[in-house]
Structures are given as structure tokens and as C-alpha cells.
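What follows is one structure encoded as C-alpha cells, with my remarks underneath.
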Amino acid sequence: AQTVTQSQPEMSVQEAETVTLSCTYDTSESDYYLFWYKQPPSRQMILVIRQEAYKQQNATENRFSVNFQKAAKSFSLKISDSQLGDAAMYFCAYRSALGQAGTALIFGKGTTLSVSS
Amino acid sequence: DVKVTQSSRYLVKRTGEKVFLECVQDMDHENMFWYRQDPGLGLRLIYFSYDVKMKEKGDIPEGYSVSREKKERFSLILESASTNQTSMYLCASSLFRQTVYNEQFFGPGTRLTVL
Numbered sequence: 010a011q012t013v014t015q016s017q018p019e020m021s022v023q024e025a026e027t028v029t030l031s032c033t034y035d036t037s038e039s040d041y042y043l044f045w046y047k048q049p050p051s052r053q054m055i056l057v058i059r060q061e062a063y064k065q066q067n068a069t070e071n072r073f074s075v076n077f078q079k080a081a082k083s084f085s086l087k088i089s090d091s092q093l094g095d096a097a098m099y100f101c102a103y104r105s106a107l108g109q110a111g112t113a114l115i116f117g118k119g120t121t122l123s124v125s126s
Numbered sequence: 247d248v249k250v251t252q253s254s255r256y257l258v259k260r261t262g263e264k265v266f267l268e269c270v271q272d273m274d275h276e277n278m279f280w281y282r283q284d285p286g287l288g289l290r291l292i293y294f295s296y297d298v299k300m301k302e303k304g305d306i307p308e309g310y311s312v313s314r315e316k317k318e319r320f321s322l323i324l325e326s327a328s329t330n331q332t333s334m335y336l337c338a339s340s341l342f343r344q345t346v347y348n349e350q351f352f353g354p355g356t357r358l359t360v361l
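Set out below in C-alpha cells:
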């Protein structure tokens, strides 16, 4: 079975600085997808960034980028130029690319990011 | 915009009550999911459905059942609520086809308290 581990329950960063959230996963599959989701306080969970396992190039979405190391099974999220609105819980998630039926996400336990001014 | 709605943001029930949590999506998604979110445990899958009347157990189905009579609606049922089912419940939906761009869209969540 696949597992996702986020080893940092809480992180903090100052506005305009850069922070990196860690995620490791365990799988025997070669084809899969990885995601980072953001859950702001009392608000809906939204997708931040996604990565296909067979793509070596790291995904980037504006101030958010990932460092995907397939051999090490590591998928960290870097937030540049942090803003107050980045304060949230961040979840790393894995999904198998196999099968035809809808496949659920496997989540890590989350990292709470606080941003100070 | 994809919209996933859940019938209640907050719900308080008594032990032993039958509880229905409703989820509706408006994007014609085939897949629908129910997750439970607890502090320090992340999100855990309770049940999912990939078609009307189809359901699959997730990691923690005990004490729960589901119903999907229409494509847009997926209900989570607590047959006899217990205090250890106090939690945040999140519904999600996605297209059936497996691609990286087939993201799951989440509802706002229902915070259920069982007294």
C-alpha cells in the first residue's frame, strides 16, 4: 500500500521569504501523480500544484514550485515571496495512475503554515 | 467553475441517531468521494463511487454507508452515530478518466459533533 509522509506538522515563514514543505511517499508503482493541496482556515481545499511521475521537469505555478525526486520518493513544495494569504494547512497527496475506476487520493497528515508580517 | 456543496457546515447530533450528510456536485463528474479529516491524521477515505449505484469501500468504512441514486448526489450515512465519529467530513468529486489533470474538487466540509 502507498503511504505519504509529511514530517513537519508546523512551519512558519515571514512575508516575502521562501519556505519549503517536505513530503515523502512510498510506492512500488512507476506511474502515479502527486499533488499539493491547500486548506485555508475554514475554507475549501484547493489544488496548488500537480506533478506526473514520468515527467522529470519540476512543476511550477507562479510562486509555487516543487522539487520532485523520483528515486528518493520525495516531493517538496517551495513557496517563494510568501504572502499572508498563504497561511493554511498544506496536504501532500498521491494518486495511482493505474486502473480505470475513480481512484482516491492518499493524503499525508498535513503541514500547518503560518505567515507573519 | 466546479461547485461541490455539502448540506451543512455544522451539525450536532446525539449518540445513536441516524445521520445523513449530503453532497452535490454540478459538473457531471463520475467520481465522488467521502473523506474524514481529523487533526494529526490528515484525510482518510471512507467510501467512493465511480457511477450511480456503484460504491467502493475506502480505508475506514466501518460505521458508515453511502448512497448514490443520482450522478450529482452522494450521501454519507451514519447508521447509529457514535462519539468517535465526531469529525470533519469532506466530499470531493472528479472526472472518471485517470489523468494528472483530473483533479479532485472538494466541498467546504461538514463539521459533525456527536454528543
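Line order of the protein sequences matches chains A and B.
Mapped onto this note's numbering, the consecutive letters of the first sequence carry residue numbers 10 to 126.
Mapped onto this note's numbering, the consecutive letters of the second sequence carry residue numbers 247 to 361.
Where is the CB? At the ideal position from N, CA and C, for every residue including glycine.
For Asn67(A), I'd like the list of residues in its chain whose CB is within less than 8 Å of its CB, leaving aside the five on either flank, ordered along the chain.
Once the five neighbours on either side are set aside, the close Cβ partners of Asn67(A) are Gln60, Ser74, Val75, Asn76, Phe77.
Would Gln17(A) pass as an interface residue toward chain B - the criterion being a Cβ-Cβ separation below 9 Å?
No, Gln17(A) lies away from the interface with chain B (no Cβ there is under 9 Å from its Cβ).
Nearest to Gly119(A) by CA position, among Ala62(A), Gln23(A), Thr33(A), Ala10(A), is which residue?
Nearest option by C-alpha distance: Thr33(A).
Going along the chain, which residues of the segment 304-320 of chain B sit with their C-beta nearer than 9 Å to a C-beta in chain A?
Against chain A - using a Cβ distance shorter than 9 Å - the residues of the segment 304-320 of chain B are Gly304, Asp305.
Would you tell me roughly how many angstroms separate the C-alpha atoms of Thr359(B) and Tyr103(A), rounded to the nearest one?
Thr359(B) and Tyr103(A): Cα-Cα distance of roughly 29 Å.
Taking 8 Å as the limit between beta carbons, can you name the residues of its chain near Pro18(A), skipping five residues before and five after?
Here the set comprises Lys118, Gly119, Thr120, Thr121.
To be precise: take each residue of the segment 49-78 of chain A, compare its Cβ to all Cβ atoms of chain B, and keep it if any distance is under 7 Å. Which residues remain?
Residues passing the 7 Å Cβ filter: Gln53, Met54, Leu56, Arg59, Glu61.
Below 9 Å between beta carbons is the criterion; list the residues of the segment 347-358 of chain B that meet it against any residue of chain A, in chain order.
So the list reads Tyr347, Asn348, Glu349, Gln350, Phe351, Phe352, Gly353, Pro354, Gly355, given in the order they occur along the chain.
Please state whether DSSP places Thr27(A) in a helix, a strand or coil.
If DSSP states are grouped into helix, strand and coil, Thr27(A) belongs with coil.
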